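>
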Amino acid sequence: MQNPIPSQVPNLDGLFGPITTQKPVTPTSTATTISRDAALSYLDRTLSEVLQFKHDLAFNPVHHAQNRYPPFAVIYGKSVPTVYGARVYSPDQIKHQDAYDDLAFAAGDGVCLASAAMMPPGYRIIRDGLVR
580 MQNPIPSQVP
590 NLDGLFGPIT
600 TQKPVTPTST
610 ATTISRDAAL
620 SYLDRTLSEV
630 LQFKHDLAFN
640 PVHHAQNRYP
650 PFAVIYGKSV
660 PTVYGARVYS
670 PDQIKHQDAY
680 DDLAFAAGDG
690 VCLASAAMMP
700 PGYRIIRDGL
710 VR
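Spelled out as structure tokens, the structure:
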């Protein structure tokens with residue numbers, strides 16, 4: 580009886596499973612268009628502005644007591660594409676639950692948990708109906 584297995588076994592590295600041969604390591608560098616000092620200055624200024632913006636968005640009980648906040652709506656889903664807009668014809672229509680029947684969808688930029696899509700602490704959300 581003849582041996583059905585050929586004497587030469589082909590090299591199958593890289594076709595499936597982990598590769599057993601090492602690829603050569605090549606150094607990488609990142610080209611920049613500004614100096615390190617300019618980049619750090621920009622980063623410091625930008626992060627300071629972002630922090631101030633976040634502080635300005637913090638809930639203000641005085642504004643709430645004076646009814647200075649507009650109605651807020653939170654639209655999120657756990658099984659549909661990302662909503663990127665809703666067509667409303669007037670600011671008054673925003674207060675009605677059915678205002679959000681005409682939605683526009685688009686691909687999202689990643690995963691955003693429903694809990695992360697909620698309003699910050701202190702802000703009031705009216706569920707299931709008209710803001711009175």
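Residues 580 to 711 (our numbering) are what the sequence shown spells out, left to right.
Ideal placement from N, C-alpha and C gives every residue a C-beta, glycine not left out.
All of these numbers come straight from a predicted model, not from anything done at the bench.
#1: Just the Cα atoms here: how many angstroms apart are PHE684 and TYR663?
#2: How many whole angstroms separate the CB atoms of GLY701 and PHE632, which I take to be in contact at a CB cut-off of 8 Å?
#3: The alpha helix (DSSP H) that contains TYR621, what's its start and end?
#4: Take PRO699 and list the residues in its own chain whose beta-carbon comes closer than 8 Å to its own, dropping the five residues that flank it on each side.
#5: Since ALA719 is in the beta strand (DSSP E), which residue starts that stretch and which ends it?
#6: What separation, rounded to the nearest whole angstrom, lies between the Cα atoms of TYR648 and ILE613?
Concretely, from the data shown:
#1: The residue given as residue 684 occupies position 105 in the sequence shown. The residue given as residue 663 occupies position 84 in the sequence shown. About 6 Å.
#2: Counting from 1 along the sequence shown, the entry for residue 701 is found at position 122. Counting from 1 along the sequence shown, the entry for residue 632 is found at position 53. With 8 Å as the limit, GLY701 and PHE632 do not qualify as a contact, their Cβ atoms being about 17 Å apart.
#3: In the sequence shown, the residue the question calls residue 621 occupies position 42. Unbroken alpha helix (DSSP H) run through TYR621: 615-636.
#4: For this step, residue 699 is matched to residue 120 along the sequence shown. The residues are LEU636, ALA637 and PHE638.
#5: Nothing about residue 719 can be reported from this structure: the residues present for the chain run from 580 to 711 only.
#6: For this step, residue 648 is matched to residue 69 along the sequence shown. For this step, residue 613 is matched to residue 34 along the sequence shown. Cα to Cα, the separation comes out at about 42 Å.
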